[in-house]
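Each step along the sequence shown adds one to the number in numbering that gives the first Met the number 0, with nothing skipped, and position 109 is 108.
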Amino acid sequence: MKNNKFKSGFITIIGRPNVGKSTLLNRFVGQKVAIMSDKAQTTRNRIQGVVTDEESQIVFIDTPGIHKPKHALGDFMLNAAYSALKGVDGILVVVNASEKIGPGDRLVIERVKQANIPVFLVINKIDLVTPDELLPIIDSYRQEHDFDEIYPISATEGNNVDALVKGIKEIIPEGPQYYPADQVMDHPEYFIVAEFIREKILELTREEIPHSVAVQVESMRRNEDDKIEIQAAIIVERSSQKGIIIGAQGSMIKKIGQRARRDIEILLGDKVYLDLWVKVQKNWRDRRTQLNDFGYQPDNY
Numbered sequence: 000m001k002n003n004k005f006k007s008g009f010i011t012i013i014g015r016p017n018v019g020k021s022t023l024l025n026r027f028v029g030q031k032v033a034i035m036s037d038k039a040q041t042t043r044n045r046i047q048g049v050v051t052d053e054e055s056q057i058v059f060i061d062t063p064g065i066h067k068p069k070h071a072l073g074d075f076m077l078n079a080a081y082s083a084l085k086g087v088d089g090i091l092v093v094v095n096a097s098e099k100i101g102p103g104d105r106l107v108i109e110r111v112k113q114a115n116i117p118v119f120l121v122i123n124k125i126d127l128v129t130p131d132e133l134l135p136i137i138d139s140y141r142q143e144h145d146f147d148e149i150y151p152i153s154a155t156e157g158n159n160v161d162a163l164v165k166g167i168k169e170i171i172p173e174g175p176q177y178y179p180a181d182q183v184m185d186h187p188e189y190f191i192v193a194e195f196i197r198e199k200i201l202e203l204t205r206e207e208i209p210h211s212v213a214v215q216v217e218s219m220r221r222n223e224d225d226k227i228e229i230q231a232a233i234i235v236e237r238s239s240q241k242g243i244i245i246g247a248q249g250s251m252i253k254k255i256g257q258r259a260r261r262d263i264e265i266l267l268g269d270k271v272y273l274d275l276w277v278k279v280q281k282n283w284r285d286r287r288t289q290l291n292d293f294g295y296q297p298d299n300y
C-alpha cells in the first residue's frame, strides 16, 4: 500500500550537444532508452524516461543538444528542446567538466534564467578531471547563474547520481503515478527500434552521413519462425550516401543490422529478424512533409 505522500514530477535534461544527457537518462532509468554517440546532435526528439519506486515517479525528459540550426530538422530539434522547459517541475542543466564553459553553455543558462522552478547544474564527466580542477569549474558556473543546487557527477561511472536523484525527489510535488510502475519510456517500441538502428549508423559512419540519415520502421510482426520480424528503411539524401551505407558487397548494412539487432533483442526480450534497406530522398531535412513522416513533428510539442 502506497503512503499518501507519493510524489511525482517532470524533470527536463538540457545542455549543448555531447555533454552526456542521453547517458544520464539511461543511468537514471537503469537501462538503455536513449541512443548515445560521440557525434553532436545525436538526440533529435524529446525522449522521456520514467523512474518509479515506492515513494515517487520521476519522468525525465531528454532533449536535443542546443545548437545553431542549419535546416528545418535543426529548427524542429531546437523547438523540441526549448518547449521541454515549459510545464515541468525542475531543470537539469548538464555541462561537461572536461571542457571550459562555452557559448553553448551560456546560451542554455540564459534560457533557464527565466524559469520559476528549481534549476540544478549537473557537471558531468568528472571522471575526466582531477578533484583539484573541479572547484574552479564549479566557481566559473556559479558566476554565470545562482543555481539551486550543483551536482558534479559521472553518468558513465554512476558517481554521485544517487545524490542527484535524492535532490530531485526533494523538489517534485506530491502527485499521482502517471505511468505503470514497470514502464520506463513513453515512446512506442518501434520508435526506440528506429533509434537503435540510427545509433549503429552513427557508430559506423563518418563525415556527413550521420546527420543526413533517418530511419523509418515500416513493420514489426511475429513471423512463422516465431521471431519478431522488423522491416526498416534507412533514408539518406544522396545516392553516394546510399553506397556508403550499403558498403562493399553489402558489408556495411550487414554490420549495422547485426549490431542493432543485439540491442533490439535486449529491448524486446525476444529473437529478432531485422530486414534493412536504403532509400534516397533528396533534402528530406528541409521538407516539412518528410520530417512529419519520419516522426519529427512540430505538432508534438
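We put the beta carbon where it would ideally sit given N, CA and C, even for glycine.
Residue i versus residue j: straight-line alpha-carbon distance, rounded
{"i": "residue 107", "j": "residue 221", "result": "44 Å"}
{"i": "residue 255", "j": "residue 276", "result": "11 Å"}
{"i": "residue 87", "j": "residue 234", "result": "34 Å"}
{"i": "residue 111", "j": "residue 181", "result": "32 Å"}
{"i": "residue 248", "j": "residue 49", "result": "42 Å"}
{"i": "residue 232", "j": "residue 242", "result": "14 Å"}
{"i": "residue 109", "j": "residue 31", "result": "31 Å"}
{"i": "residue 274", "j": "residue 130", "result": "48 Å"}
{"i": "residue 40", "j": "residue 205", "result": "For residue 40, the pLDDT reaches just 49, beneath the cut-off of 50, and the residue's location in the model is therefore unreliable, although a value from the coordinates is still provided. Looking at the two C-alpha atoms, the distance is approximately 14 Å."}
{"i": "residue 280", "j": "residue 244", "result": "14 Å"}
{"i": "residue 38", "j": "residue 162", "result": "With a pLDDT of 47 at residue 38, under the threshold of 50, the modelled position of this residue cannot be trusted, and the question is left open."}
{"i": "residue 214", "j": "residue 115", "result": "38 Å"}
{"i": "residue 157", "j": "residue 53", "result": "22 Å"}
{"i": "residue 246", "j": "residue 58", "result": "40 Å"}
{"i": "residue 238", "j": "residue 142", "result": "50 Å"}
{"i": "residue 176", "j": "residue 166", "result": "19 Å"}
{"i": "residue 178", "j": "residue 17", "result": "29 Å"}
{"i": "residue 126", "j": "residue 102", "result": "23 Å"}
Same chain, Cβ closer than 6 Å to residue i, five either side skipped, listed in chain order
{"i": "residue 117", "result": "89, 147 and 170"}
{"i": "residue 120", "result": "92, 140, 146 and 149"}
{"i": "residue 5", "result": "none"}
{"i": "residue 168", "result": "55"}
{"i": "residue 260", "result": "271 and 273"}
{"i": "residue 51", "result": "180"}
{"i": "residue 197", "result": "214"}
{"i": "residue 278", "result": "232 and 234"}
{"i": "residue 174", "result": "7"}
Of the residues the options, the one placed nearest residue i, counting alpha carbons only
{"i": "residue 122", "options": "251, 190, 160 and 87", "result": "160"}
{"i": "residue 155", "options": "26, 99 and 11", "result": "26"}
{"i": "residue 98", "options": "135, 28, 282 and 199", "result": "135"}
{"i": "residue 60", "options": "176, 103, 110 and 24", "result": "24"}
{"i": "residue 272", "options": "250, 278, 230 and 279", "result": "230"}
{"i": "residue 223", "options": "29, 202, 240 and 270", "result": "270"}
{"i": "residue 188", "options": "266, 30 and 236", "result": "266"}
{"i": "residue 151", "options": "132, 202, 251 and 217", "result": "132"}
{"i": "residue 203", "options": "251, 51, 17 and 178", "result": "251"}
Own chain partners of residue i with C-beta closer than 8 Å, once the 5 adjacent residues on each side are dropped
{"i": "residue 19", "result": "93, 95, 123, 124, 154 and 155"}
{"i": "residue 128", "result": "96, 97 and 136"}
{"i": "residue 172", "result": "6, 7, 8 and 88"}
{"i": "residue 226", "result": "269, 270, 271 and 272"}
{"i": "residue 218", "result": "228, 229 and 230"}
Proximity of residue i and residue j at Cβ, strictly below 7 Å
{"i": "residue 138", "j": "residue 15", "result": "no"}
{"i": "residue 190", "j": "residue 262", "result": "no"}
{"i": "residue 56", "j": "residue 7", "result": "yes"}
{"i": "residue 62", "j": "residue 13", "result": "yes"}
{"i": "residue 28", "j": "residue 183", "result": "yes"}
{"i": "residue 199", "j": "residue 284", "result": "no"}
{"i": "residue 22", "j": "residue 84", "result": "no"}
Own chain partners of residue i with C-beta closer than 7 Å, once the 5 adjacent residues on each side are dropped
{"i": "residue 282", "result": "236"}
{"i": "residue 340", "result": "No information on residue 340 is available, as it lies outside the stretch 0 to 300 that the chain covers here."}
{"i": "residue 144", "result": "108 and 112"}
{"i": "residue 264", "result": "270 and 271"}
Any beta strand (DSSP E) of 3 or more consecutive residues that is wholly inside the segment 112 to 174 = Runs of the beta strand (DSSP E) inside the segment 112 to 174: 118 to 123 and 148 to 151.
Enumerated in chain order, which unbroken segments of the alpha helix (DSSP H) with a length of 4 residues or greater are wholly contained in the segment 199 to 278?
-> DSSP runs (the alpha helix (DSSP H)) wholly in the segment 199 to 278: 238 to 245 and 250 to 267.
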